[in-house]
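As structure tokens, the structure follows; a few thoughts come after it.
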Amino acid sequence: MIIIWLILGLVLPATSGWLILRILEWKTPVLFRFERWALGFLLGLTLTVFVTFVVHTALGMALTFKGYLIVQVGLTFLLSIIWIPIRKTTPKIENRNCQLSIVNCQLFVRTIIIILAIWTLTKILFSGITFLMLTPPYLDDTIDNWNFRGKVYFTEERIRLDLPNEEGGLEINPHGSYPPAVPLAKASLASFAGKWSESLVNSLHLLWFLSALMLIFYALRREVNLLFAIIGTYILASLPLYLMHGSNPYSDIFLSAHIFAAISMLFHAVKSENPKERMGFFRIGALATALLVFTKNEAMMMYVPGILFILLVSLFLMKKNQIISLKQSIQIFSMYIASLIVVAVPWTVFKWMNDLTFGNAQSLLSNLKLSWHPAVNKSMAINTFLEGNWILLFPLFILLLIAKRKEAFRFPMLILTGFFFLVFLVQIFLYNFTYLFVEAMYQTGFARGLIHLAPVVVLIVTLLLSKCFERPESE
Amino acid sequence: MPRRLSIGLFLFIFPLTVSAKSVIEWDFRNGQTPPGKWEVRGFSNVKPYQEGVMIIADKDGYMTTKPEFKKKIDAVILTIQTARDMEAVLLWQETNIAVKGYNQLPFVLEKSDAPQVVDIDLSTLSIWNSRAPEFGIGVPKGAQVLIEKMEFVSYNPLEKIFHGALSLWKFDVYAPQAINFLWGPWLNFNPIARADMYLMDPPLGISGMWVVYIILAIFGLRAGKNIVKHNQPQAKALVMFLGVVGAMWVVLDLRMGSEILSYALTDWRDHVLKNPGERNTRKHRSFHDTVEDAIPTLTSSGSYFFMGPGKTIYFSAMRYLTYPVKPVQSGPNLENTTYGLIFGTNDAVINDAGQLVTSNGILHNGPCSIEKEYRDYSFLLKCRQ
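The listed protein sequences correspond, in order, to chains A and B. Last residue of the first sequence: number 485 in our numbering, and the count goes up by one each step with no gaps. Last residue of the second sequence: number 1741 in our numbering, and the count goes up by one each step with no gaps.
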């Protein structure tokens, strides 16, 4: 039954996502077929719960099965109406199919790929199904935040910010300052099923994890050969802490997939030589960047400004190199800002009206007293290099940045490396100099920051790896 | 090349096997007090008996001797009996006589009817020194302890390598912190350290990633040598080195993936395949099993009281699991509840007046009665308002 409710609960959001991506691609499809479905599921669900949030808060629509259904049907219908004329006027869509056969690889390589694929799938499915569907909620933020708020929305049929305290009264819960995307997605599934089922609402996390893997595969496939796309996907899937987050009801994989979607689309746009394809990537990137605001607070505070800065630099360089005109640059930047306004304004107004903070539970801005906490650096180094969280990702990352420094810090790869260093250094600064240092000392927030950036790092690592294996042109 | 390799291996392994594992045993039975004279400070009642040396501590105190170990001591095995649960200490003096006092290593002794074996690792303790001029044991006031034996264990280098390899493949359990970090491969060199390694935060020993980095450094230096001495193209040397990184990556993936799978397997063994009433969930033990059984009663009214073992996570879990019915942990509303759950704490009793009393005072005026008893000091209670 869980599978049925999961499919029924996600079919319309995923279709909406697919439709909006097709609309944004316009008459020049830029996404691979399965990539469009993976990204459609990711962005479509977030978009659907955002619209649900807006309709609920603005019009008072109850968060019932009927309410969710009206929004989902309405959104799908609306997007279909926009899509149909595009479809009719578009010459036969050349659906991008990528070569997925590994038959051409050597037997030894093929054998290793098959063994590692079986191993990786076993790990993901066995741990994911066990932790998410067969065992009770165990982790703090699941119980206090993501699932709890979802259950409250489902039970109360509205977004409720005052929650029970230890004395049996009600008080404004600090977790209310987090965007409600994940709890709303869970509540919508529960409303479809008519009951709160841990297995059902948690299964979303496994799908987000799998969509992150699919997105990196196709992002790599666009740039490198099949073997390296598989290697990159394996690298991301094999990161132990990433798998732990993918197989537990936390929302950091959800955020990391959105960040990756936003920055990888920007990267593809800049790399694209076809102006129509370029605009398709930019439009999808603008949507992903806008929806980031509605994922977690870190997005609005750190990742969105980072993406906008990188976008500005990219547009400046593209203009300088006469790839695009000034007018086009302004149009692209305006498109990003307009998309952001559409998502950020309702959410920010809701926060402001309900006196919610702009940090995670605590307001970063009101607690911004600077003092140095040098001990955090040891904690961060241990988490990054001496524990089992990341295997050898960061030593390899550093090695490749040094060995391939010319490629790594040159445009357009600079979009990825620049974004990583920009937000990572901001995080290092915050942990070293603000009250957030405890998040690094106890390896909580710091590890989450690396989870958010892991797909971007894996993309950089795999692209640089592939360059190491390129034959010199003279040969 | 194979000949050179086998000679190298022989030259490496042969010296390691020369020194074998050794155990120095101090047997206190039959009235003996090895290794010689012991100095007693604090408590006064220490007597040798047929069964061992008996300490009855009228005040905090310790007894020390001059051990003169010839080898590096990696662990101590005590055969000891105590009349009550307590914390004792091993203590030893610094070799530098200018340093006053003793280094202390606390350990827990549980009440038992017969002597029990307590294994204590010293190898991972940075302050431990086998050449300490004085070594002994300290117990608190009120202790009644019978020491039967003290064994001092030294492992030879080959054994240490073997146990080191085993420790790298020992898995942690799924603790709540695993969502923030996984300790990963951890390295220590004897079975006593390995047995308890994940009971400590951080685990006993050092990060096993150092082993990986040393291997990579060796191959990195070799790649560098090939570039400098044999004019190998840099790109080719880098590709070969990346091959080694890839191999190490797969090994680490197998290690860490197996650990995560072991979490899942443990869940199947302790929870999924167990019947209600027997299930345990990781560090929360029988909590979810208990709550699942108690929920129909607890949610029969608008609120209920709850008391857990200190951590707020249990309260949060109750709030989540029973929503919209609210748990009350403190404050005036608690008196308005009829049913309640006490989980995992022995800090609550029902007194003769029927009041539910904790070490912080009266929790519920009652009169209260036990509706159902569960595992792990847990009770479903009914109290009249």
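Beta carbons are placed, not taken as given, at the ideal position from N, Cα and C, and that holds for glycine.
Look at the Cβ atom of residue i, then the Cβ atom of residue j, and state whether they are nearer than 7 Å.
| i | j | result |
| --- | --- | --- |
| Ile425(A) | Val280(A) | yes |
| Ala1593(B) | Asn1582(B) | yes |
| Leu1522(B) | Gly1492(B) | no |
| Val61(A) | Leu85(A) | yes |
| Tyr188(A) | Asn307(A) | yes |
| Glu1490(B) | Lys1422(B) | yes |
| Val355(A) | Val303(A) | no |
| Phe219(A) | Ile169(A) | no |
| Glu1515(B) | Thr1435(B) | no |
| Tyr228(A) | Phe42(A) | yes |
| Thr56(A) | Leu410(A) | no |
| Val386(A) | Met310(A) | no |
| Leu350(A) | Phe421(A) | no |
| Val40(A) | Glu287(A) | yes |
| Thr1389(B) | Pro1404(B) | yes |
| Cys115(A) | Val1595(B) | no |
Residue i lies in the beta strand (DSSP E); which residues open and close that run?
| i | result |
| --- | --- |
| Pro1404(B) | Asn1401 to Pro1404 |
| Gly1492(B) | Phe1491 to Val1495 |
| Ile1698(B) | Tyr1695 to Ile1698 |
| Val1474(B) | Gln1472 to Asp1477 |
| Val1396(B) | Trp1394 to Arg1397 |
Hey, would you say the C-beta of residue i is under 6 Å away from at least one heavy atom of the ligand MN?
| i | result |
| --- | --- |
| Arg1675(B) | The ligand content of the structure shown is nil, which means the ligand MN is not present either. |
Please check the pair residue i and residue j, which I expect to be a contact at CB under 8 Å, by giving their CB distance rounded to whole angstroms.
| i | j | result |
| --- | --- | --- |
| Phe1643(B) | Ile1698(B) | Actually they are not in contact, since the Cβ atoms of Phe1643(B) and Ile1698(B) sit about 12 Å apart, beyond 8 Å. |
| Trp28(A) | Phe202(A) | Contact flag wrong, Cβ pair sits at about 19 Å. |
| Phe1508(B) | Val1379(B) | 7 Å |
| Pro1683(B) | Leu149(A) | About 19 Å separates the two Cβ atoms, so there is no contact after all. |
| Pro172(A) | Glu181(A) | For clarity, residue 172(A) is Asp in the given sequence; the question names Pro instead. Asp172(A) to Glu181(A), Cβ: 6 Å. Contact. |
| Ala464(A) | Leu237(A) | At roughly 21 Å, the Cβ-Cβ gap does not stay under 8 Å, so Ala464(A) and Leu237(A) are not in contact. |
| Leu230(A) | Ala239(A) | 4 Å |
| Tyr163(A) | Leu73(A) | 6 Å |
| Tyr1676(B) | Pro147(A) | 7 Å |
Is residue i buried or exposed, if buried means 16 or more other CB atoms sit within 10 Å of its CB?
| i | result |
| --- | --- |
| Leu384(A) | The residue you asked about is not Leu; residue 384(A) is Pro in the sequence shown. With fewer than 16 other Cβ atoms within 10 Å, it is exposed. |
| Leu18(A) | exposed |
| Glu485(A) | Its pLDDT being 44, under 50, Glu485(A) is placed unreliably by the model, and the measurement read from it follows with that caveat. When all chains shown are included, Glu485(A) counts as exposed. |
| Thr25(A) | buried |
| Ile92(A) | exposed |
| Trp516(A) | It is not possible to answer for residue 516(A), since the shown part of chain A is limited to 11 through 485. |
| Gly1613(B) | buried |
| Trp382(A) | exposed |
| Ile340(A) | exposed |
| Leu1577(B) | exposed |
| His1586(B) | exposed |
| Leu473(A) | buried |
| Leu406(A) | buried |
| Pro1645(B) | Correcting the residue identity first, residue 1645(B) is Asp in this sequence and not Pro. Buried, since its Cβ has 16 or more Cβ neighbours within 10 Å. |
| Leu336(A) | exposed |
Could you please give the first and the last residue of the uninterrupted alpha helix (DSSP H) stretch that includes residue i?
| i | result |
| --- | --- |
| Ile1411(B) | Looking at the DSSP string, Ile1411(B) is not in any alpha helix (DSSP H); the run it does join, the beta strand (DSSP E), is Val1409 to Ile1412. |
| Pro1547(B) | Pro1547 to Asp1552 |
| Ile1718(B) | Premise fails: Ile1718(B) lies in the beta strand (DSSP E), Gly1717 to His1720, not in any alpha helix (DSSP H). |
| Phe1649(B) | Residue 1649(B) is actually Asp in this sequence, not Phe. That run of the alpha helix (DSSP H) goes Phe1643 to Leu1654. |
| Met312(A) | No alpha helix (DSSP H) holds Met312(A); DSSP gives it neither H nor E. |
| Val64(A) | Arg43 to Leu69 |
| Gln341(A) | Leu336 to Met363 |
Report yes or no: is there a C-beta of chain E within less than 7 Å of the C-beta of residue i?
| i | result |
| --- | --- |
| Lys306(A) | This model lacks chain E altogether; the protein chains it does include are A and B. |
Next on the checklist: Measuring CB atoms only, is the segment 422-438 of chain A touching the segment 329-338 of chain A, in the sense that at least three cross pairs come out at less than 8 Å?
Outcome noted: In short, these stretches do not touch, since the Cβ pair count stays below three.
Checklist entry - Do the segment 1694-1708 of chain B and the segment 1660-1667 of chain B meet, that is, are 3 or more Cβ pairs less than 8 Å apart? => result A contact exists between the segment 1694-1708 of chain B and the segment 1660-1667 of chain B.
Next on the checklist: I want to know whether the segment 1664-1672 of chain B touches the segment 1710-1729 of chain B - three or more CB-CB distances under 8 Å.
Outcome noted: Flag = no, the segment 1664-1672 of chain B and the segment 1710-1729 of chain B do not touch.
Next on the checklist: Would you call the segment 272-290 of chain A in contact with the segment 153-164 of chain A, where contact means no fewer than 3 C-beta pairs closer than 8 Å?
Outcome noted: The segment 272-290 of chain A vs the segment 153-164 of chain A: no contact.
Item to check | Touch test, the segment 447-458 of chain A against the segment 197-213 of chain A, Cβ-Cβ under 8 Å, three pairs minimum | outcome: Judged by Cβ distances under 8 Å, the segment 447-458 of chain A makes no contact with the segment 197-213 of chain A, as fewer than three pairs qualify.
Next on the checklist: Count Cβ pairs between the segment 388-407 of chain A and the segment 337-352 of chain A that sit closer than 8 Å; are there 3 or more?
Outcome noted: Taking 8 Å as the limit for Cβ pairs, the verdict is that the segment 337-352 of chain A does not touch the segment 388-407 of chain A.
Item to check | Inter-stretch contact (C-beta, 8 Å, three-pair minimum) for the segment 1702-1714 of chain B and the segment 190-201 of chain A | outcome: Contact fails: fewer than three Cβ-Cβ distances are below 8 Å.
Checklist entry - Okay, do the segment 1604-1622 of chain B and the segment 135-145 of chain A touch, 3+ Cβ pairs below 8 Å being the bar? => result In short, these stretches touch, since the Cβ pair count reaches three.
Next on the checklist: Check whether the segment 1393-1406 of chain B and the segment 1513-1529 of chain B touch, using three or more Cβ-Cβ pairs below 8 Å as the test.
Outcome noted: No contact exists between the segment 1393-1406 of chain B and the segment 1513-1529 of chain B.
Checklist entry - Do three or more CB pairs link the segment 1535-1543 of chain B to the segment 451-466 of chain A at distances below 8 Å? => result Three or more beta-carbon pairs separated by less than 8 Å link the segment 1535-1543 of chain B to the segment 451-466 of chain A, which places the two stretches in contact.
Next on the checklist: When you compare the segment 1497-1506 of chain B with the segment 1426-1442 of chain B, are there three or more beta-carbon pairs, one atom per stretch, that lie closer than 8 Å?
Outcome noted: The segment 1497-1506 of chain B, when compared against the segment 1426-1442 of chain B, does touch it at the 8 Å Cβ threshold.
Checklist entry - Do the segment 1542-1555 of chain B and the segment 1416-1434 of chain B touch if we need at least three Cβ pairs shorter than 8 Å? => result Using a C-beta cut-off of 8 Å, the segment 1542-1555 of chain B makes contact with the segment 1416-1434 of chain B, since at least three inter-stretch Cβ pairs fall below that distance.
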